[in-house]
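Student:
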Amino acid sequence: MRFPFVSLAAAMQRPIREIERADRIVAVRAPEGWTDVQVEAWLDWVDAEGVAADSDDPLAEGAVAWGRRLSPDTAGALAATMLLGLATPARTSGVAVGLIDLSEPDAARRLKAESALRRGERLAARAVEAVATALERVADAVTRCEGPRADCADPRRNPALARAALAARRAGAADADIVRAMQGECFEVAPLPAAQSPPRLALADRAMVASGAPEALAAAEAAVDGDLILTFDPDTAEALSEAREAPAVLLSLPALEQIAGTGFEAALRDLVQLWTTAPTTGGAKVVACGLGGLADLVLNSASPADVSRADQLADLVRTAAGGAATAFFVDDPEAGLRLGLSPLSAAETWQTADGGVERRLRPSLAAAIMRHGGDVDAAERRLFGRRTLVDAPDIDHMALRAKGFTDVELEGLEQALAHVESLNDVFRPPVLDAGFLRDVLGFDGAAGDLLQQLGFSVEDVALAEAWAFGHGDLAGWDGAPAILKPVLSNPAAFEAALRAGLEAASAIPDTAPATIDWRTTPAQAARLLADAARDGRRAVRLKRAAPPAGALLDLVEPEPAARPRRWEPEARAVERVVEKVVERDRTRRKLPDRRKGYIQKAAVGGHKVYIHTGEYEDGELGEIFIDMHKEGAAFRSLMNNFAIAISIGLQYGVPLEEFVDAFIFTRFEPAGGVTGNDSIRSATSILDYIFRELGVSYLDRHELANAEPDPLNSNGLGTLEGEGGAPEAVPAARFISKGFARGAAPDNLVVLPFGQKRETPVTSPAPTEAVACPACGDFSLQQRGAGWICDTCGAAPSMQG
46 MRFPFVSLAA AMQRPIREIE RADRIVAVRA PEGWTDVQVE AWLDWVDAEG VAADSDDPLA
106 EGAVAWGRRL SPDTAGALAA TMLLGLATPA RTSGVAVGLI DLSEPDAARR LKAESALRRG
166 ERLAARAVEA VATALERVAD AVTRCEGPRA DCADPRRNPA LARAALAARR AGAADADIVR
226 AMQGECFEVA PLPAAQSPPR LALADRAMVA SGAPEALAAA EAAVDGDLIL TFDPDTAEAL
286 SEAREAPAVL LSLPALEQIA GTGFEAALRD LVQLWTTAPT TGGAKVVACG LGGLADLVLN
346 SASPADVSRA DQLADLVRTA AGGAATAFFV DDPEAGLRLG LSPLSAAETW QTADGGVERR
406 LRPSLAAAIM RHGGDVDAAE RRLFGRRTLV DAPDIDHMAL RAKGFTDVEL EGLEQALAHV
466 ESLNDVFRPP VLDAGFLRDV LGFDGAAGDL LQQLGFSVED VALAEAWAFG HGDLAGWDGA
526 PAILKPVLSN PAAFEAALRA GLEAASAIPD TAPATIDWRT TPAQAARLLA DAARDGRRAV
586 RLKRAAPPAG ALLDLVEPEP AARPRRWEPE ARAVERVVEK VVERDRTRRK LPDRRKGYIQ
646 KAAVGGHKVY IHTGEYEDGE LGEIFIDMHK EGAAFRSLMN NFAIAISIGL QYGVPLEEFV
706 DAFIFTRFEP AGGVTGNDSI RSATSILDYI FRELGVSYLD RHELANAEPD PLNSNGLGTL
766 EGEGGAPEAV PAARFISKGF ARGAAPDNLV VLPFGQKRET PVTSPAPTEA VACPACGDFS
826 LQQRGAGWIC DTCGAAPSMQ G
């Protein structure tokens with residue numbers, strides 16, 4: 046005789062309740078024990094299956110309609126089990142797509158390409174959000190600007206807009222979209238749905254993976270985010286491939302035990318036969334029958350830590366399924382939500398009768414603790430805390446009164462403890478008055494947490510928080526019954542041991558992801574795969590844990606790298622004003638209409654080159670011209686336009702040093718020896734020669750010269766007439782353009798080598814000779830006794846060598 050599922054469902058009380066949906070309020074009949082969340086999950090299933098009915102009983106009509114499609118003869122019984130909360134259709138666990146044999150030559154390439162595609166899907170959502178946010182900030186920078194519209198929409202005149210536009214470009218926005226945002230176009234975007242692609246299925250040789258062969262690393266790179274199920278034998282791979290088409294059902298063992306009581310095993314046999322017979326009539330070879338709530342069922346037994354209970358239930362289900370091969374793993378969160386199931390943990394969230402949400406000790410654990418002599422209240426205090434500081438260790442009311450707290454402040458603290466999860470959240474405004482903190486406690490917020498400033502140690506705060514808010518689990522609880530300590534210390538490990546007991550009898554292996562640290566590298570994941578292969582696992586799937594919320598890196602704007610020190614000429618005994626340029630105006634600096642400079646003629650590898658420079662009034666280089674003869678028109682045109690580009694860059698503030706560093710040592714023909722230049726004797730190209738010459742002449746980069754000046758010495762004022770001879774006066778016309786000066790300089794003007802180093806003293810000029818002052822240049826330097834004084838500027842230069 047079959048268990049009376051239909052009659053029990055008909056006699057069950059299902060009052061009408063109103064459920065708020067996204068677009069309407071739905072009146073639905075549902076069992077009294079179901080939460081609103083559970084009812085909503087069933088309504089979502091009914092809508093997804095397309096069997097919704099326009100009545101006050103959509104759950105019953107939807108369940109019956111679905112049962113008729115599966116098996117018309119047993120539709121009523123199937124619907125009854127769903128309404129009783131005993132079973133629900135589900136998706137097969139470990140559904141994978143494709144099969145990649147890692148022994149094939151291109152397997153690694155295919156895995157890498159697939160991983161790149163899925164990684165792109167995951168990153169796309171955040172990238173779209175980042176770009177949209179950056180474009181909104183561009184529009185805000187224009188909207189919030191006070192001034193003419195044209196100036197506000199110009200990044201050159203609106204610094205905030207310039208920064209926002211640059212940030213948008215870095216986020217990946219195209220310049221066209223930035224321009225549209227500046228014009229006021231809205232860039233609100235809908236969030237992309239999270240990628241839910243099923244994992245890939247891969248087949249590898251167990252010995253190769255266990256030994257750490259390259260196949261293991263290739264699989265690990267694709268597996269670290271749960272995107273790969275790795276198997277080690279063809280039969281398992283085939284079974285997982287066929288599981289995509291297998292019908293699946295999730296059973297609620299605790300609900301069945303509550304209804305059937307001592308007839309649990311017989312009721313389970315009937316329930317399995319009901320759900321496995323109908324699908325196999327359609328030709329299904331494998332049926333997935335998930336045993337939901339297995340851990341809760343074992344906890345309610347006489348031996349709550351006995352994992353062998355899983356083997357017994359697996360044999361019962363496999364026998365009841367008859368000819369169908371049975372899989373025992375159905376990890377479908379939505380199906381679990383419809384049956385009110387959740388992973389085993391000490392604490393769970395539940396819905397109260399008035400619709401509120403609270404936390405409680407898991408009922409199965411509470412019943413097991415009570416059955417084996419434990420104190421449930423003590424367990425709850427350990428788990429959730431006491432929500433008070435009365436009698437708390439180290440930080441109690443007496444200790445706080447000694448610090449200056451009164452009844453008013455203590456009452457505020459006690460009321461706030463019911464709504465926070467940290468002591469730091471209550472020892473601050475608005476729980477504590479800012480005036481009390483400042484005037485009584487002397488706390489201004491700059492010295493860190495208040496409790497630490499009051500003299501409480503980190504250990505004191507931790508003990509008080511555990512007293513008030515609990516430990517979050519029952520691991521280490523001294524009052525735990527001895528038989529329950531293995532379960533309470535690690536509920537997840539206990540549930541994993543039960544799943545391991547089911548895997549031996551399952552037609553497909555357990556493919557639930559093994560959670561690994563979020564920082565696990567592919568090399569570390571490869572070692573985990575090797576361990577699984579050596580342990581004889583049929584299949585393995587890894588998944589990184591979710592990273593901690595919030596910022597993980599303390600990032601600061603990097604300071605610009607210090608430029609390497611260049612060779613600096615010997616310091617001269619001439620005072621000069623040094624100005625540090627903080628910010629340069631990026632407008633073009635025009636050269637004077639009449640400018641000075643020089644023309645240098647030389648030949649590089651036999652090819653004549655003329656360099657013509659133009660200078661500003663302060664002597665800074667502002668333009669260059671490059672002329673070459675007997676070269677093709679195209680080459681000459683390129684060199685002329687190159688000189689124009691360099692000149693424009695110089696006039697917009699690009700340092701000459703940047704150009705010099707960029708173009709010296711470039712190599713192309715013509716190259717070789719240099720003639721006609723007193724400092725440069727060879728060059729690797731025309732550009733190398735040009736920028737060596739400019740570096741030596743304008744930057745004092747004498748390390749770029751590969752010859753001593755000839756015939757001038759290092760100071761450029763002339764040579765000595767033999768050892769101990771007097772310096773030769775050099776006509777000023779050699780350095781000053783007569784055309785540029787327009788005859789303003791006298792014809793008899795000469796430049797004397799003041800400051801030139803000599804080993805032999807030189808006789809000072811006679812007092813009657815006109816001598817130029819090295820400071821101001823006037824011919825008014827007169828000898829006064831043993832020294833020289835300028836009548837114009839008052840300088841007193843040394844005339845001794």
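In terms of the working numbering, the sequence shown opens at residue 46 and continues consecutively.
Every residue, glycine too, gets a C-beta built ideally from N, C-alpha and C.
Remember, it's a predicted structure, so these values are computed and weren't measured experimentally.
Touch check for the region 116-126 and the region 239-255: three-plus C-beta pairs under 8 Å?
Tutor: Short answer: they don't touch.
Student: Counting C-beta neighbours from all protein chains within 10 Å, is the total for S148 16 or more, i.e. buried, or is it exposed?
Tutor: Flag for S148 reads exposed.
Student: So, with DSSP's three-state summary, where would you put C835?
Tutor: Residue state, collapsed to three classes: strand.
Student: Span of the alpha helix (DSSP H) holding M673?
Tutor: Segment 666-673 is the beta strand (DSSP E) holding M673; no alpha helix (DSSP H) there.
Student: For V18, tell me which candidate among R583, A110, M127 has the shortest Cα-Cα distance.
Tutor: Residue 18 falls outside the range modelled here, since the chain spans only 46 to 846, and no answer is possible.
Student: Within the continuous alpha helix (DSSP H) that includes T188, where are the two ends?
Tutor: Counting along the chain, the alpha helix (DSSP H) containing T188 begins and ends at 152-188.
Student: Among the residues of its own chain, which have a CB less than 6 Å from the CB of A811, if the five just before and after it don't count?
Tutor: Note that A811 scores 44 on pLDDT, short of 50, meaning its location in the model is unreliable and no value can be drawn from it.
Student: For A728, I'd like the list of residues in its chain whose CB is within less than 7 Å of its CB, leaving aside the five on either flank, ordered along the chain.
Tutor: These residues qualify, in order along the chain: V649, A716, V719, Y734, R737.
Student: DSSP three-state call for P243: helix, strand or coil?
Tutor: In the structure shown, P243 sits in coil (DSSP, three-state: anything other than H, G, I, E or B).
Student: Counting only runs of 4+ residues fully inside the region 188-263, write out the alpha helix (DSSP H) ranges in chain order.
Tutor: Segments of the alpha helix (DSSP H) lying fully in the region 188-263: 194-197, 204-216, 220-227, 251-255.
Student: Helix, strand or coil, according to DSSP, for I64 in the structure here?
Tutor: Note: I64 maps to strand in three-state DSSP.
Student: Do three or more CB pairs link the region 86-97 to the region 152-168 at distances below 8 Å?
Tutor: No contact exists between the region 86-97 and the region 152-168.
Student: In chain order, what residues of the same chain have a beta carbon less than 6 Å from the beta carbon of E540, not counting five sequence neighbours either side?
Tutor: Closer than 6 Å at the Cβ level, and outside the excluded window around E540, lie A340, L389.
Student: Rounded to whole angstroms, what's the CA-CA distance from A56 to A355? Just pull it up for me.
Tutor: Whole-angstrom Cα-Cα distance: 32 Å.
Student: Who are A333's beta bridge partners in DSSP?
Tutor: Looking at the DSSP assignment, A333 forms a beta bridge with A293, A372.
Student: Thinking C-beta only, is V421 closer than 7 Å to A411?
Tutor: Contact: yes.
Student: Excluding five sequence neighbours on each side, which residues of the same chain lie with their C-beta closer than 6 Å to the C-beta of A300?
Tutor: Only G130, L131 meet the Cβ criterion.
Student: Should R427 go down as buried or exposed, given a rule of 16 or more other Cβ atoms within 10 Å for buried?
Tutor: By the 10 Å Cβ count, R427 comes out buried.
Student: Considering only C-alpha positions, which residue in the set R202, E181, A570, L156 is nearest to A216?
Tutor: Considering only alpha carbons, the answer is E181.
Student: Pull up the DSSP beta-bridge partners for A559, would you.
Tutor: L587.
Student: Hey, would you say D270 sits closer than 7 Å to R589, going by beta carbons?
Tutor: Their beta carbons are under 7 Å apart, which means D270 touches R589 by this criterion.
Student: Please classify M684: is it buried, with 16 or more other beta-carbons within 10 angstroms of its beta-carbon, or exposed?
Tutor: Under this definition M684 is a buried residue.
Student: Just curious, the beta strand (DSSP E) that T276 is in, first and last residue?
Tutor: First-last of the beta strand (DSSP E) with T276: 273-276.
Student: Please report how far the alpha carbon of A549 lies from the alpha carbon of D280, in whole angstroms.
Tutor: Looking at the two C-alpha atoms, the distance is approximately 14 Å.
Student: Leaving out five residues on either side along the sequence, give the residues of the same chain with a beta carbon under 8 Å from the beta carbon of S144.
Tutor: Reading off the sequence, residue 144 comes out as Leu, not Ser. L246, A247, L248, A282, S286.
Student: Examine the ligand SAH and report whether any of its heavy atoms sits within less than 6 Å of the Cβ of T711.
Tutor: Among the ligands in the structure shown, none appear at all, so the ligand SAH cannot be discussed.
Student: Leaving aside the five residues before and after S387 along the sequence, list all residues of the same chain whose C-beta is less than 8 Å from its C-beta, in chain order.
Tutor: Here the set comprises G381, E393.
Student: Do P349 and A413 have their C-beta atoms within less than 7 Å of each other?
Tutor: Contact flag set, yes.
Student: Mind checking which residues open and close the alpha helix (DSSP H) that includes H442?
Tutor: Looking at the DSSP string, the run of the alpha helix (DSSP H) that includes H442 is 442-447.
Student: Could you give the C-beta distance for L701 and Y743, rounded to a whole number, given that I count them as a contact under 8 Å?
Tutor: Their Cβ separation, rounded to whole angstroms, is 6 Å, which keeps L701 and Y743 in contact under 8 Å.
Student: Give me, in chain order, the residues of the same chain whose beta-carbon lies closer than 6 Å to that of V476; leave out the 5 immediate sequence neighbours on both sides.
Tutor: Around V476: G457, A461.
Student: In the DSSP assignment, find the alpha helix (DSSP H) that holds Y743 and state where it starts and stops.
Tutor: Unbroken alpha helix (DSSP H) run through Y743: 731-744.
Student: Rounded to the nearest angstrom, what separates V471 and V465 at their Cα positions?
Tutor: One C-alpha to the other measures close to 7 Å.
Student: Spatial neighbours of A75 within its chain, please: C-beta separation below 7 Å, excluding the five flanking residues on both sides.
Tutor: Contacts found: R59, R62, V84, L104.
Student: Give a yes or no on whether the C-beta atoms belonging to Q713 and S730 are separated by under 7 Å.
Tutor: Correcting the residue type first, residue 713 is Phe in the shown sequence and not Gln. Yes. Within cutoff.
Student: Distance, Cα to Cα, F429 vs A209?
Tutor: For F429 and A209, the distance between alpha carbons rounds to 46 Å.
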